[in-house]
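Heads up: the sequence shown begins at 18 in this note's numbering, then just goes up one per residue.
Please read the structure below before turning to the comments.
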Amino acid sequence: MKRAGYSAESLDLGVESLDESAIARADFIAVSVPMHTALRLGLRVAERVQELNPSAHLCFFGLYATVNAEMLISAGADSVLSGECEDALVERIRLSEREAPAQKAPLPVLDVMDRLDYPVPYREGLPPLEQYVHLELPDGSHRRVGTVETSRGCLHSCRHCPLPPVYGGRFFIVPKATVLEDIGQLVARGARHINFADPDFLNGPGHALAVARALHREHPDVTFDFTAKVEHLLKHRDRLPELAALGCAFIVSAVESLSDRVLAELDKGHTSRDARAAFRAVREAGIAPRPTFVAFTPWTTREDYRELFRWLLEEDLVEHVDPVQLTLRLLIPPGSLLLENTGMQPFLGDLDKAGLTYRWSHPDPAMDELQKEVEAAVESSVRKGHTNGEIFRNLAGRAGLRQEADFSSSKAPRLTEAWFC
18 MKRAGYSAES LDLGVESLDE SAIARADFIA VSVPMHTALR LGLRVAERVQ
68 ELNPSAHLCF FGLYATVNAE MLISAGADSV LSGECEDALV ERIRLSEREA
118 PAQKAPLPVL DVMDRLDYPV PYREGLPPLE QYVHLELPDG SHRRVGTVET
168 SRGCLHSCRH CPLPPVYGGR FFIVPKATVL EDIGQLVARG ARHINFADPD
218 FLNGPGHALA VARALHREHP DVTFDFTAKV EHLLKHRDRL PELAALGCAF
268 IVSAVESLSD RVLAELDKGH TSRDARAAFR AVREAGIAPR PTFVAFTPWT
318 TREDYRELFR WLLEEDLVEH VDPVQLTLRL LIPPGSLLLE NTGMQPFLGD
368 LDKAGLTYRW SHPDPAMDEL QKEVEAAVES SVRKGHTNGE IFRNLAGRAG
418 LRQEADFSSS KAPRLTEAWF C
């Protein structure tokens with residue numbers, strides 16, 4: 018927008034309150050919805066826009082926009098964009114300038130897959146980095162974190178992921194020079210750790226390694242983390258030692274489950290054996306692995322759930338997992354590839370409009386009850402300041418594992434905010 022000559026005020030509702038005076042004076046309001054939680058916040062914003070400034074053009078853009086277009090338009094959206102949509106967003110602003118308020122009508126819903134000329138992100142007006150997530154190191158010290166993308170989209174089509182309905186297996190490289198200039202401005206603002214927010218950093222391994230090398234060359238004291246699929250960690254395991262030497266503190270990887278049945282239904286592209294091997298390779302390279310899970314699905318058995326705890330104990334991973342990961346229930350948003358999966362059909366219910374996801378029921382009602390139980394237990398334990406070991410021992414006991422197991426674990430680097438979609 019700045020490059021096109023427009024002035025804009027930014028509000029990050031993750032760390033800031035809604036500025037109602039800014040809403041009231043705006044001509045065009047663009048709401049970014051890259052994740053499920055952001056969509057829920059965005060719908061609340063839409064309510065206030067309708068009350069404070071109904072003549073403003075309200076645009077939703079981001080990964081969760083077009084798949085929820087019907088709901089967003091009913092909430093007052095005038096345009097809805099997903100994909101590589103920044104140029105389309107600027108065009109919407111131009112169109113809205115020529116639009117009389119009385120003539121305002123919803124514009125077409127667009128998934129945009131045009132390759133963009135990525136400018137360096139404009140970060141003026143955003144809150145200082147100290148208000149955002151920090152890196153916490155094993156010794157308890159903290160580092161400020163800056164977040165950048167080296168690529169967007171994804172080559173893969175995991176059925177539960179929100180990316181395939183929008184990107185359809187495509188991904189787009191952000192030029193190295195653009196990434197490095199953005200990193201430079203974040204370091205100037207105090208960042209000492211870079212979170213590469215690509216859906217999969219190793220979709221373009223040559224590009225990723227070139228960026229990591231340049232980052233280390235220009236800012237040798239700055240560490241980084243990234244997310245990558247299990248299959249990519251195995252395929253590129255020979256690159257892991259160099260990534261460690263360049264400053265990689267940890268790698269997030271969506272294991273999801275250690276049940277091959279569940280992994281097949283999700284079309285994850287890896288097996289339980291693959292996940293175990295990949296995490297050993299990451300650790301042997303000197304990088305801390307951080308697995309994420311979809312702990313409860315229609316195909317997950319109680320024994321599958323217990324196996325997660327056994328693996329975390331065997332591999333000394335208790336401090337490498339945010340406790341909320343052991344409570345997460347499969348989300349099926351509108352547009353999900355799971356809606357087309359025959360294996361999902363017997364368990365699928367109707368759309369929960371308030372929850373922004375389709376309802377489903379486990380064939381064993383006790384598993385649905387267990388999920389509710391462990392979710393409440395984790396929420397209570399985190400609020401009380403319990404350790405990971407204490408929390409996991411509690412959860413394992415609820416799942417039927419003996420609670421005498423030693424859940425103490427070596428500390429690992431982590432971000433101070435738990436990550437999940």
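C-beta: ideal position from N, C-alpha, C; glycine also.
N- and C-terminal bounds of the beta strand (DSSP E) containing residue i
i	result
residue 336	Note, residue 336: premise wrong, no beta strand (DSSP E); not H, not E.
residue 273	265 to 273
As assigned by DSSP and simplified to three states, the class of residue i
i	result
residue 134	coil
residue 373	coil
residue 346	strand
residue 156	coil
residue 35	coil
residue 125	coil
residue 426	coil
residue 305	strand
residue 165	strand
residue 367	strand
residue 106	helix
residue 418	coil
residue 30	coil
residue 256	helix
residue 412	helix
residue 112	helix
residue 143	coil
Element boundaries [alpha helix (DSSP H), containing residue i]
i	result
residue 249	247 to 252
residue 296	289 to 301
residue 170	No alpha helix (DSSP H) holds residue 170; the beta strand (DSSP E) holding it covers 168 to 170.
residue 357	Residue 357 -> no alpha helix (DSSP H), and no H or E assigned at all.
residue 390	382 to 400
residue 277	277 to 283
residue 330	319 to 331
residue 315	That residue, residue 315, is in no alpha helix (DSSP H); it is neither H nor E in DSSP.
Whole-angstrom C-beta distance between residue j and residue i, which should lie under 8 Å
i	j	result
residue 189	residue 132	6 Å
residue 57	residue 373	7 Å
residue 69	residue 105	Actually they do not touch by this definition, with Cβ atoms about 26 Å apart.
residue 176	residue 358	6 Å
residue 280	residue 424	Actually they do not touch by this definition, with Cβ atoms about 25 Å apart.
Check your understanding: Which ranges would you report for the beta strand (DSSP E) in the segment 42 to 99 if only whole runs of at least 3 residues count?
Key -> 45 to 49 and 74 to 78
Practice item. Taking only runs that begin and end inside the segment 179 to 253, name each unbroken alpha helix (DSSP H) of 4 or more residues, in chain order. Key: 181 to 184, 193 to 205, 222 to 235 and 247 to 252
Review point. On the three-pair Cβ rule with 8 Å, is the segment 106 to 117 touching the segment 31 to 50?
Key: yes
Exercise for review: Give a yes or no on contact between the segment 153 to 164 and the segment 416 to 435, applying the rule of three or more CB pairs nearer than 8 Å.
Suggested key: yes
**Study point:** Three-pair Cβ contact test at 8 Å for the segment 331 to 344 versus the segment 408 to 423
**Key:** yes
Practice item. Could you say if the segment 301 to 318 and the segment 198 to 208 meet the contact criterion of at least three C-beta pairs nearer than 8 Å? Key: no
Review point. Does the segment 206 to 224 come within contact of the segment 164 to 173, defined as at least 3 CB pairs closer than 8 Å?
Key: yes
Check your understanding: Just checking, does the segment 310 to 320 make contact with the segment 382 to 390 on the three C-beta pairs under 8 Å criterion?
Key -> yes
Point to revise | At least 3 beta-carbon pairs within less than 8 Å: the segment 316 to 335 vs the segment 244 to 258 | key: no
Exercise for review: Spell out a yes or no on whether the segment 263 to 276 and the segment 293 to 305 are touching, meaning 3 or more CB-CB pairs, one atom from each, closer than 8 Å.
Suggested key: yes
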